[in-house]
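Peer 1:
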Amino acid sequence: MIKMGRSTLSGVTRRNFLMGSAAVGVSLVAGAGRGQAAEEKRVNVYNWDTYIGEQTLGTFNARTGIQVQYDLFANNEELYAKLKEGNPGYDVIFPSDYMVELMITTGVIVPLDHSKLPNLKNIHKNFQNQAYDPGMKYSAPYMWGTMGFGYRKSKFDKAPDSWGAVYDPAQASKYSGKIALLGDQRVVIGSALKYLGYSMNSTDEKQIAAARDLVIAAKKHIKSFAEDNGQDLLLSKEVDIAMEWNGDIVQVMEEDSDLSYVVPKEGSNVWSDNLCIPKDAPHPENAHAFINHVLDAKVNAEIANTIHYATANAAAKPMLLQEDLDNPAVYPPEAIVATCEAIVDVGDNTRLYDEAWTAIQAA
Amino acid sequence: MEDWRKSKAAFAIFMAPATFWLLLFFTVPLAIIWVYSFGERGPQGQTELAVSLENYARAVEWIPLKILWKSLWIATISTVICLLLGFPLAMGVAFAPKRWKNPLLLIVILPFWTNLLIRTYAWIAILRISGFLNFGLEWAHGLLDAGFGVIGMPGLMGEFQPLELLYNNSAVIVGLVYVNLPFLVLPLYATLEKLDKSYLEASLDLGAGQWRTFFSVTVPLTMPGIASGVLLAFILSLGTFLTPDLLGGTDSMMIGNLIAQEFGPSRDWPFGSALSFVLMYVTFFVLWLRATVASRSSGVGEAG
């Protein structure tokens, strides 16, 4: 199995928030305005850590002769902060769903030239018309996943397949102090909203307040709002159940067979990451070539088989590892995915979530 | 000897780079944040300039104030512990034989050679349930258990229960004490080092005991060093966000985390800027307090 080395202490995974360490300071000189004909054989890619195949960059270079300059970011906010005041020189970036939407409205990314991306046809039809970017005008879907519970099987009679496992006091009290939630306001309040039967993207003040009170009431049983290290807390037995992104749990499931993953039946968050080209990219031609390369069925399958994430690429499916296809943590049942929502930017209502989150922390 | 104040040209030349640096990279960004703090958050999280006091009104609402109060409280506790640990440590280094001083100082400074993030992660490895501390305790527990077994009382100790040391406010305080101790020890050491030891000898010769000498001579004479060290440790603790982020539990949010939240996921830079300035005003108030206390206590005698 090909897998990037990771330690349990500071595992670096797709959505890990490792302050500083991944904030690789780059000072690329933006070569904007250069004629396309004279485009140098270079492309500057800005991606999440451990989120590409072992051979992707090599085969791209062999096929096109273009050198890939590869840099890492830790989260969407960092990516946005780097780009919003002007592109420091990146050609290809990997923002998530809601960030794509924000980047479109704030003009951070530019439309894709579909004539240069013949492999876009490989994208699964479910991903071709996402709410944040219908028709893939600005973004080429890459990998997707869900948020749910990672849990220690031996501590549970049956899978904790409801948010009630943490928000229903009768259930949560059984695991008091052994519960970790994510340190992410939209996701935590969103999960409480889902439990109450509302939308994760609710902008109703009363619904958000109800969700806030639900989390506050559950707080005495919660050990920590983990900065996305719930998988490590599970592995080190610090907690028995942790709200986490599926990819992080998949990794620890390989290390500890007593761990498993479930998406609560009330529905959860489904996220997807995308390939986009930022405004003023110095090498737009090469950027399109790179994206088209990643969308190639074979290349894409190698990536998915390396990082164990579900791919949005339908053509890659025949080449995917059977163990990943059979793993509900990678590909959850269709019916459950149907109840999940992508998080969308709620504009001015962000403040409702911000204040609810601060109130939860201060309670 | 020529007074350096007379050669103004040389003085200006030497000052220019630092002044330029401070102006460009400290004053200007600070001014921008100050301007932002009167702005408004746009629907996409952009910062729209305005002249509004709303962010400040929000910053002094009950919940942010509660978080600020909690931050002051945690900073105070960790600073007091730092002082209790740091004073004997600084004295130990200052009064050590000359050949020991540099190695001892080196040990105090050594942690700075490693990144703060790594050092904080190390505390996670120490404090967590399957961490080194619980591991050591379990080992000692097993040893005692075996011991009681030998003297005919097996099972007296019961089963070992690991301690829940991580993800609470105590873990945050432990982390802050660890991080800020050198900042308190170094200025304190500098003052103690300059302290004329003959004062202590005089005090002891004239019949005062060790404790009396410590509290009536050493402490008053080293007050400026204590104040600088305490102030440094306190201000650093007050503004921290990394330590509570990594070691804290569900109620460990400090004002630094709230500011980080506004600049990060909430993308509300104007509110974050206002919070930063509220924190800065609190810091200024503490500095002012120190200045007034210092001017009042100058009669006791500066160690100088």
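Chains as they are written, first to last, in the numbering used here: chain R, 387 to 749; chain V, 2 to 305. For every residue, glycine included, the Cβ atom is placed at its ideal position computed from N, Cα and C. Quantities reported herein were computed from a predicted structural model and do not represent experimental measurements.
Is the CB of A448(R) under 7 Å away from at least one CB in chain V?
Peer 2: no
Peer 1: Between the C-alpha atoms of A467(R) and K195(V), what's the straight-line distance to the nearest angstrom?
Peer 2: Going by the C-alpha atoms only, they are around 48 Å apart.
Peer 1: Considering only the alpha carbon of each residue, which of D435(R), Y437(R) and S482(R) lies closest to N660(R)?
Peer 2: Nearest C-alpha to N660(R): S482(R).
Peer 1: Apply the 10 Å Cβ neighbour rule to A17(V) and answer buried if 16 or more other Cβ atoms are within range, or exposed otherwise.
Peer 2: exposed
Peer 1: Determine the contact status of S199(V) and V218(V), defining contact as a CB-CB distance below 7 Å.
Peer 2: no
Peer 1: Measure the beta-carbon distance from F184(V) to A234(V) and round it to whole angstroms, keeping in mind my assumption that it falls under 8 Å.
Peer 2: 5 Å
Peer 1: Less than 7 Å between the C-beta atoms of E630(R) and G616(R), yes or no?
Peer 2: yes
Peer 1: Under a Cβ-count criterion, where at least 16 other Cβ atoms within 10 Å of its own Cβ denotes burial, should Y282(V) be classed as buried or exposed?
Peer 2: exposed
Peer 1: Looking at the unbroken beta strand (DSSP E) that takes in P527(R), where does it start and where does it end?
Peer 2: A526 to R538
Peer 1: Along chain V, in chain order, which residues have C-beta atoms closer than 9 Å to that of A745(R)?
Peer 2: I64
Peer 1: Take L111(V) as the anchor and find which of G159(V), G40(V), N181(V) and A51(V) has the nearest alpha-carbon.
Peer 2: Shortest Cα-Cα distance from L111(V) to any of G159(V), G40(V), N181(V) and A51(V) involves N181(V).
Peer 1: Measuring only between beta-carbons, confirm whether R251(V) sits less than 7 Å from chain R.
Peer 2: Going by the sequence as given, residue 251(V) is Thr instead of Arg. Taking Cβ atoms only, chain R reaches closer than 7 Å to T251(V), which makes this a yes.
Peer 1: Use the C-beta contact count for T491(R): other C-beta atoms within 10 angstroms, 16 or more gives buried, fewer gives exposed.
Peer 2: exposed
Peer 1: Am I right that N258(V) and P245(V) are in contact with their C-beta atoms under 8 Å? What's the rounded C-beta distance?
Peer 2: Going by Cβ atoms, the distance from N258(V) to P245(V) rounds to 6 Å, so yes, they are a contact pair.
Peer 1: Specify whether the segment 471-479 of chain R and the segment 663-674 of chain R touch according to this definition: at least 3 beta carbon pairs, one from each stretch, less than 8 Å apart.
Peer 2: yes
Peer 1: Using a beta-carbon distance below 7 Å, is G162(V) in contact with chain R?
Peer 2: The sequence given here has Gln at residue 162(V), not Gly. Not one chain R Cβ lies under 7 Å of Q162(V).
Peer 1: Could one say the Cβ of Y168(V) lies closer than 7 Å to chain R's Cβ atoms, at least one of them?
Peer 2: yes
Peer 1: For a contact defined as C-beta to C-beta under 8 Å, what are the partners of R737(R) on chain V?
Peer 2: Those are R42, S267 and D269, listed as they occur along chain V.
Peer 1: Cα-Cα, which of I174(V), F161(V), A228(V) and P89(V) is closest to W212(V)?
Peer 2: P89(V)
Peer 1: Is F611(R) close to chain V, meaning its C-beta is less than 7 Å from at least one C-beta of that chain?
Peer 2: Closer than 7 Å to the CB of F611(R) there is at least one CB belonging to chain V.
Peer 1: If we ignore side chains and look at the alpha-carbon of each, how far apart do N56(V) and S501(R) end up?
Peer 2: 48 Å
Peer 1: With a 10 Å radius around its C-beta and 16 neighbouring C-beta atoms as the bar for buried, classify K580(R) as buried or exposed.
Peer 2: buried
Peer 1: Relative to the C-alpha of V574(R), which residue among Q453(R), K541(R), D614(R) and D547(R) is closest?
Peer 2: D614(R)
Peer 1: Any heavy atom of the ligand FMN closer than 6 Å to the CB of A11(V)?
Peer 2: Within the structure as shown, the ligand FMN is missing, as the structure has no ligands at all.
Peer 1: When DSSP builds the beta bridges, which residues end up paired with L661(R)?
Peer 2: Partner(s): A526(R).
Peer 1: In the DSSP assignment, find the unbroken beta strand (DSSP E) run with K605(R) in it and report its ends.
Peer 2: Per DSSP, K605(R) belongs to no beta strand (DSSP E) and is neither H nor E.
Peer 1: Excluding the five sequence neighbours on either side, which residues of its own chain have a C-beta within less than 6 Å of the C-beta of S577(R), listed in chain order?
Peer 2: W549
Peer 1: Flag M255(V) as yes if its beta-carbon sits less than 7 Å from any beta-carbon of chain R, otherwise no.
Peer 2: Closer than 7 Å: no.
Peer 1: What three-state label does DSSP hand G302(V) in the structure shown?
Peer 2: Here G302(V) scores only 44 on pLDDT, less than 50, and its place in the model is too uncertain to base an answer on.
Peer 1: Would you call the segment 728-738 of chain R and the segment 510-519 of chain R in contact, with 3 or more CB pairs under 8 Å?
Peer 2: yes
Peer 1: Check the DSSP bridge columns for W434(R) and list the partner residues they point to.
Peer 2: F459(R)
Peer 1: By Cβ distance, which residues of its chain are closer than 7 Å to V173(V), with the 5 residues on each side in sequence left out?
Peer 2: I75, T244, P245, L248, G249 and S253
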